[in-house]
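Position one of the sequence shown corresponds to residue 570 (my numbering), numbered consecutively onward.
Glycine residues also receive a C-beta, built at the ideal position from the N, C-alpha and C atoms.
Taking it in order: structure first as structure tokens, then the write-up.
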Amino acid sequence: MSDKLRFGINATESDLRAAIVETGQITYAHGLLCASDGNISVRLPDGNILITPSGIGKGRLSTGDLLVIDPQGNIVKPADDPLLRSTTEQAMHLEVYRQRCDVRAVLHAHPPCATALTVVRSEFRMDVLPEMVALLGQIPITDLAMPSSSQTADVIREPIRHHDAVMIRQHGSLTVGKTLEEALINLERVEYIAKTILLAEMMGPVNPLPEDMLSTLRQSRLEGMVREVTVQILNEKQ
570 MSDKLRFGIN
580 ATESDLRAAI
590 VETGQITYAH
600 GLLCASDGNI
610 SVRLPDGNIL
620 ITPSGIGKGR
630 LSTGDLLVID
640 PQGNIVKPAD
650 DPLLRSTTEQ
660 AMHLEVYRQR
670 CDVRAVLHAH
680 PPCATALTVV
690 RSEFRMDVLP
700 EMVALLGQIP
710 ITDLAMPSSS
720 QTADVIREPI
730 RHHDAVMIRQ
740 HGSLTVGKTL
750 EEALINLERV
760 EYIAKTILLA
770 EMMGPVNPLP
780 EDMLSTLRQS
790 RLEGMVREVT
800 VQILNEKQ
């Protein structure tokens, strides 16, 4: 993973375009999306959104394929090809940015194992790997939503307020972060835990973590989140 994905507050639009292109290549190469599925966006310093177009494979994007839209979804800067339009899932991206002022990157992918779990169950179990409890807490599964409609924004509105990784039932994942690296790492974790659950359940009865360990891990995660918010507030006051 290159430094492009770890962009700072001074990253230029050119830097962020390169970061989105690289994220598309990584997710495509690792089978986390296929064909022209998925979409990626980044919040620019001026509040506008740099976002992927509809109908192009994310592993084959160029920096000129990306569009800039405002927080209401209006095109500010078109792609080099004037026929390209913003992803049909832009409403979902805009909803994330409305709900989370701390988020600067949004990644919607179709990880196969994690998505498969949402086809057969309503909960994503998080009691099998201690690091996942500490790092992700929970992975909510939303209600069904018609793809490429405002329904996707509706179903992620509540869970994305408190979670950095959400599964959209029978449709894919939505992960966020302060950078594309964070959003991508969260996506990779979601797919890893899904693979582990599926393999374990095929092998035999699953041994969940003991409740006292789960309680300690959850408390550790909560304390870490409080420290992070405190540091962010102090930095903003400087």
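Secondary structure note for M772: its alpha helix (DSSP H) is the uninterrupted segment 749-772. In the DSSP assignment, H731 falls within the unbroken alpha helix (DSSP H) covering 728-731.
Looking at the backbone, the Cα of L663 and that of N776 are separated by about 40 Å. Separation of G706 and H677 (C-alpha to C-alpha, rounded to the nearest whole angstrom) is 19 Å. In the DSSP secondary-structure assignment, T621 is not bridged to any residue.
Listed in chain order, the non-local C-beta contacts of F693 below 7 Å within the same chain comprise L686, I708, I710, M736, local neighbours out to five positions each way being set aside.
For the pair of segments examined, the segment 614-623 was found to touch the segment 645-661: the number of CB pairs separated by less than 8 Å reaches three.
Nearest to D615 by alpha-carbon distance, out of I762, R673, H731, A587, is R673.
Counting along the chain, the unbroken alpha helix (DSSP H) around V590 starts and ends at 582-598. By the CB criterion at 9 Å, A587 and T632 fall inside the cutoff. Put simply, the backbone Cα of N617 is about 35 Å away from that of S691. Under the Cβ criterion (8 Å, minimum of three pairs), the segment 751-761 counts as touching the segment 592-604. Excluding residues up to 5 positions away in sequence, M695, D696, L778, L783, L786, R787, R790 lie with their Cβ nearer than 8 Å to the Cβ of V702 in the same chain. P680 has its alpha-carbon roughly 9 Å from the corresponding atom of T596. For T656, no beta strand (DSSP E) segment is defined, and its DSSP state is neither H nor E. Taking C-beta atoms as the reference points, Q668 and R738 fail to come closer than 9 Å.
Proximity to G642 across R612, G626, G577 peaks at R612, based on C-alpha coordinates. Our two residues, S717 and L743, have alpha carbons roughly 14 Å apart in a direct line.
Nearest C-alpha to K573 among E750, A734, P728, Q659: E750. Nearest neighbour of A714 by Cα position, chosen from V689, G628, G741, T765, turns out to be G741. Counted as a single uninterrupted DSSP element, the stretch harbouring A734 is not any alpha helix (DSSP H) but the beta strand (DSSP E) occupying residues 734-737. DSSP, reduced to helix, strand and coil, places R629 within a helical segment of the structure shown. A check of alpha carbon separations from H731 across L767, I625, V745 identifies V745 as the nearest. Excluding the 5 residues flanking it on each side, D584 has same chain C-beta neighbours closer than 6 Å at F576, in chain order.
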